[in-house]
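Since the structure comes first, as structure tokens, the remarks are kept for the end.
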Amino acid sequence: MTEPFYADDVKLEPYWWEAAPRPEPAPAAVPQRIDVAIVGSGYTGLSAALTLARAGRSVIILESGDLGDGASSRNGGGFGPTIKIPFASLSDKVGLDRAKALFLEAHKAQDYQAALIEDEGIACHFEKVGRFTGAIKPKDYEDMAADIAVQRRHLGIEAEMVPRSEQHREVGTDHYHGGRLLHFGGVLHPVLFHQGLLDLALEAGAAVAARNKVTAIAREGAGFKVVSELGTVTAGNVIVATNGYTGKLTPWLRRRIIPIQSQIITTEPMAPQVMDRLIPNRRMLGDTCKLHHYYRPSPDGARLIFGGRAGATEIDDPRASGTHLYYRMTALFPELAGVRITHVWTGYTGYTFDTLPHLGEQDGVHYAGGYCGSGTAMAVYLGHKIALRVLGSPEAACVFDTGRFPTRPLYFGTPWFLPPILMYYGWRDRLRL
Ligand SMILES: Cc1cc2nc3c(=O)[nH]c(=O)nc-3n(C[C@H](O)[C@H](O)[C@H](O)COP(=O)(O)OP(=O)(O)OC[C@H]3O[C@@H](n4cnc5c(N)ncnc54)[C@H](O)[C@@H]3O)c2cc1C
4 MTEPFYADDV KLEPYWWEAA PRPEPAPAAV PQRIDVAIVG SGYTGLSAAL
54 TLARAGRSVI ILESGDLGDG ASSRNGGGFG PTIKIPFASL SDKVGLDRAK
104 ALFLEAHKAQ DYQAALIEDE GIACHFEKVG RFTGAIKPKD YEDMAADIAV
154 QRRHLGIEAE MVPRSEQHRE VGTDHYHGGR LLHFGGVLHP VLFHQGLLDL
204 ALEAGAAVAA RNKVTAIARE GAGFKVVSEL GTVTAGNVIV ATNGYTGKLT
254 PWLRRRIIPI QSQIITTEPM APQVMDRLIP NRRMLGDTCK LHHYYRPSPD
304 GARLIFGGRA GATEIDDPRA SGTHLYYRMT ALFPELAGVR ITHVWTGYTG
354 YTFDTLPHLG EQDGVHYAGG YCGSGTAMAV YLGHKIALRV LGSPEAACVF
404 DTGRFPTRPL YFGTPWFLPP ILMYYGWRDR LRL
């Protein structure tokens with residue numbers, strides 16, 4: 004480690020794992036028969052397991068890594084009713100009524116997550132502190148102002164614009180041209196949340212088998228034969244909840260989910276006065292960069308957790324991506340020059356070609372995913388919805404269940420087209436075009 008800003012004992016794994024180390028998987032046997040087999044132990048898989056187990060179904064979650072090894076233990080912990088496309092643009096594309104339905108259901112996703120955390124008493128530093136997005140150029144400020152005016156009219160959201168002259172009440176930088184403040188959404192501790200969901204699913208009777216990659220899913224009679232490293236189970240139904248980690252197991256889904264890396268660094272603890280200046284209201288923050296950044300204080304308020312897409316290509320060495328992020332963080336907050344980085348890590352988000360999440364069924368296999376980097380609430384909600392779909396419940400209806408999940412010719416799961424696009428976006432961000 005040559006860069007002086009890395010702490011001597013910098014950890015190349017999520018800061019979150021300190022509060023909730025990944026559980027050592029107990030020796031697990033894969034049963035011969037099960038009602039539902041779920042592939043993937045992130046928020047989607049756990050939420051689906053919880054709903055199914057509480058409805059009396061026998062369930063097993065099969066996970067190739069440690070439990071929650073994917074994005075669900077690696078994310079920034081921001082939550083909200085986030086759909087990546089601005090409401091006005093989505094409305095132009097799909098019509099006002101459909102755009103309203105999509106956004107309103109995204110709000111339901113946030114409400115579902117909040118009710119689950121509050122009703123079940125999941126201790127995960129869940130704070131409804133809102134979200135501020137800094138505009139990197141004046142036009143972004145105007146566009147966000149226009150968008151929230153339309154959203155206020157059609158969705159009744161609570162939001163306001165903060166002009167550049169007042170932005171220090173939200174963020175200690177002069178980098179932005181003002182920003183948008185949403186009075187909803189907020190922050191949580193992603194791994195304590197994952198742990199809480201896991202505990203609920205286990206209490207409800209779900210079984211788990213970690214470090215156990217699923218290698219094949221094949222039709223067998225009215226059900227499926229699910230082959231995994233620890234054994235083969237005959238399942239009445241299968242849910243695939245692999246999102247940004249979707250692989251060759253499910254070629255159809257792999258052609259529809261685009262894995263995109265995102266990286267995060269965490270600073271050493273800082274004096275409270277520093278955070279008072281940087282993020283006075285302790286919110287989730289982001290910006291309008293095409294390769295956007297997201298950041299927040301740690302739950303104890305002492306550290307800055309700063310994430311984003313470090314470069315145009317995937318970077319295998321977290322230290323290299325951490326270096327890019329460090330320079331972006333200190334460009335935003337020059338007073339952090341010299342602060343040491345204690346943790347740096349990466350994870351995969353799952354994007355889609357229409358920038359919307361999806362759930363549904365293909366060849367009898369159920370799936371939910373494609374949260375486009377905003378899944379802490381949506382994954383929990385769509386996990387619940389896909390479980391209701393398996394149960395045949397009338398409450399399974401969901402606007403993200405469209406029956407149409409777009410792909411592109413020549414896309415088979417390796418996003419070869421991303422580097423030039425991301426390089427172009429990075430260039431535009433630097434020039435603020
Ligand atoms: C760095 C980063 C920052 C993020 N920040 C935010 C944020 O601040 N706010 C927000 O809302 N969202 C954020 N996200 C997105 C959010 O974390 C995800 O949308 C969400 O966690 C997806 O949950 P999931 O259960 O669908 O998938 P995951 O949690 O990724 O789980 C998928 C699991 O499937 C397993 N798997 C794959 N193939 C197999 C197989 N063959 N057999 C067995 N298991 C398999 C994987 O090992 C993995 O554990 C971020 C993501 C990343 C990577």
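First residue of the sequence shown? That's 4 in my numbering, and the numbers climb one at a time after it.
We put the CB at the ideal spot given by N, CA and C, even for glycine.
Worksheet entry | Helix, strand or coil at Met273 according to DSSP, with G and I counted as helix | By 1-based counting over the sequence shown, the position of residue 273 is 270. Three-state result, Met273: coil.
- Query: What distance in whole Å lies between the Cβ atoms of Gly175 and Arg280, which are believed to be in contact at a cut-off of 8 Å?
  - Reply: Translated into positions along the sequence shown, residue 280 becomes position 277. Translated into positions along the sequence shown, residue 175 becomes position 172. Their Cβ separation, rounded to whole angstroms, is 4 Å, which keeps Arg280 and Gly175 in contact under 8 Å.
- Task: Tell me whether His361 is buried or exposed, calling it buried when 16 or more other Cβ atoms sit within 10 Å of its Cβ.
- Result: Within the sequence shown, numbered from 1, the residue matching residue 361 stands at position 358. His361 sits buried, since 16 or more C-beta atoms from the chains shown fall within 10 Å of its C-beta.
Scan the region 152-206 and note each continuous beta strand (DSSP E) run of 3 residues or more that stays entirely inside, going in chain order.
Runs found: 162-165 and 182-185.
Excluding the five sequence neighbours on either side, which residues of its own chain have a C-beta within less than 7 Å of the C-beta of Trp430, listed in chain order? On the sequence shown, position 427 is the one that residue 430 refers to. For Trp430, there are no CB contacts under 7 Å within the same chain when 5 residues up- and downstream are skipped.
>> I need the straight-line Cα distance from Gly247 to Glu66, nearest angstrom please.
In response: Position 244 of the sequence shown, counted from the first residue, corresponds to residue 247. Position 63 of the sequence shown, counted from the first residue, corresponds to residue 66. C-alpha separation (whole angstroms): 14 Å.
Kindly confirm or deny that the region 60-75 and the region 192-208 touch, where touching means at least three C-beta pairs closer than 8 Å. The answer is yes - the region 192-208 touches the region 60-75, with three or more Cβ pairs under 8 Å.
_Where Tyr297 sits in the DSSP three-state scheme_ = Counting from one through the sequence shown, the residue named residue 297 turns up at place 294. Note: Tyr297 maps to strand in three-state DSSP.
For ligand 1, is there a heavy atom less than 7 Å away from the beta-carbon of Ser75? Position 72 of the sequence shown, counted from the start, is the residue given in the question as residue 75. Yes, Cβ of Ser75 sits closer than 7 Å to a heavy atom of ligand 1.
Checklist entry - So what's Ile139 in DSSP terms, helix, strand or just coil? => result For the purposes of this step, residue 139 is identified with residue 136 of the sequence shown, where counting begins at 1. Residue state, collapsed to three classes: coil.
| query | Which residue from Leu359, Ile344, Arg183 and Met287 puts its Cα closest to that of Asp12? | reply | For the purposes of this step, residue 12 is taken as residue 9 along the sequence shown, with counting starting at 1. Checked all of Leu359, Ile344, Arg183 and Met287; the closest Cα to Asp12 is Ile344.
Distance between beta carbons of Asp432 and Cys292, contact taken as under 8 Å: Counting from 1 along the sequence shown, the entry for residue 292 is found at position 289. Counting from 1 along the sequence shown, the entry for residue 432 is found at position 429. Confirmed, about 4 Å.
- Using the DSSP secondary-structure output, state which residues sit across from Asp1 in a beta bridge. Here the chain covers residues 4 to 436 and nothing more, so residue 1 does not appear.
- Item | Same chain, Cβ closer than 8 Å to Glu16, five either side skipped, listed in chain order | The sequence position of residue 16 within the sequence shown is 13, counting from 1. Residues His346 and Trp348 of the same chain have their beta carbon placed closer than 8 Å to that of Glu16, with the five preceding and five following residues left out of the count.
| said: Buried or exposed for Lys142, going by 16 or more other Cβ atoms inside 10 Å? | reply: One-based indexing of the sequence shown puts residue 142 at position 139. By the Cβ-count criterion, Lys142 is exposed, with fewer than 16 other Cβ atoms from all chains shown falling within 10 Å of its own Cβ.
Please report the distance separating the alpha-carbon of Gly289 from that of Met164. Mapped onto the sequence shown, residue 289 falls at position 286. Mapped onto the sequence shown, residue 164 falls at position 161. So the two alpha carbons sit approximately 14 Å from each other.
Using three-state DSSP, classify Asn240 as helix, strand or coil. As a position in the sequence shown, residue 240 is number 237, starting the count at 1. Shown here, Asn240 sits in a strand according to DSSP, grouped into three states.
Task: Residue ranges of each beta strand (DSSP E) within the region 359-431, 3 or longer - done: Whole beta strand (DSSP E) segments, 3+ residues: 361-365 and 368-372.
For the alpha helix (DSSP H) containing Thr47, name the first residue and the last one. In the sequence shown, the residue the question calls residue 47 occupies position 44. Note, Thr47: alpha helix (DSSP H), Tyr46 to Arg57.
For Val243, which of Ile260, Val42, Ile308 and Glu27 has the nearest alpha-carbon? Taking the sequence shown and counting its residues from 1, one reaches residue 243 at position 240. Cα-wise, what sits closest to Val243 is Val42.
Let's test the definition: count the other Cβ atoms within 10 Å of the Cβ of Met4 and tell me whether it reaches 16, buried, or not, exposed. Here residue 4 refers to the residue found at position 1 when the sequence shown is read from its first residue. Here the model assigns Met4 a pLDDT of 48, short of 50, so the residue's position is not dependable, and the following value carries that caveat. Exposed is the call here.
ask   = Beta carbon of Val211, beta carbon of His369: below 8 Å?
value = Translated into positions along the sequence shown, residue 211 becomes position 208. Translated into positions along the sequence shown, residue 369 becomes position 366. For Val211 and His369, no; Cβs fall outside 8 Å.
Discussion item. Can you find the residues in the same chain that come closer than 7 Å, C-beta to C-beta, to Val393, ignoring five residues on each side of it along the sequence?
Written reply: Indexing the sequence shown from 1 puts residue 393 at position 390. Cβ contact annotation for Val393 (same chain, cutoff 7 Å, sequence separation greater than five): Val39, Leu55, Asn240, Ile242 and His369, in chain order.
Subject >> Environment of Pro254 [buried if 16+ CB atoms lie within 10 Å] >> reply: Translated into positions along the sequence shown, residue 254 becomes position 251. The residue in question, Pro254, is exposed, as its Cβ has fewer than 16 Cβ neighbours within 10 Å.
- For ligand 1, is there a heavy atom less than 7 Å away from the beta-carbon of Ile308? By 1-based counting over the sequence shown, the position of residue 308 is 305. For Ile308, the CB stays at least 7 Å from every heavy atom of ligand 1.
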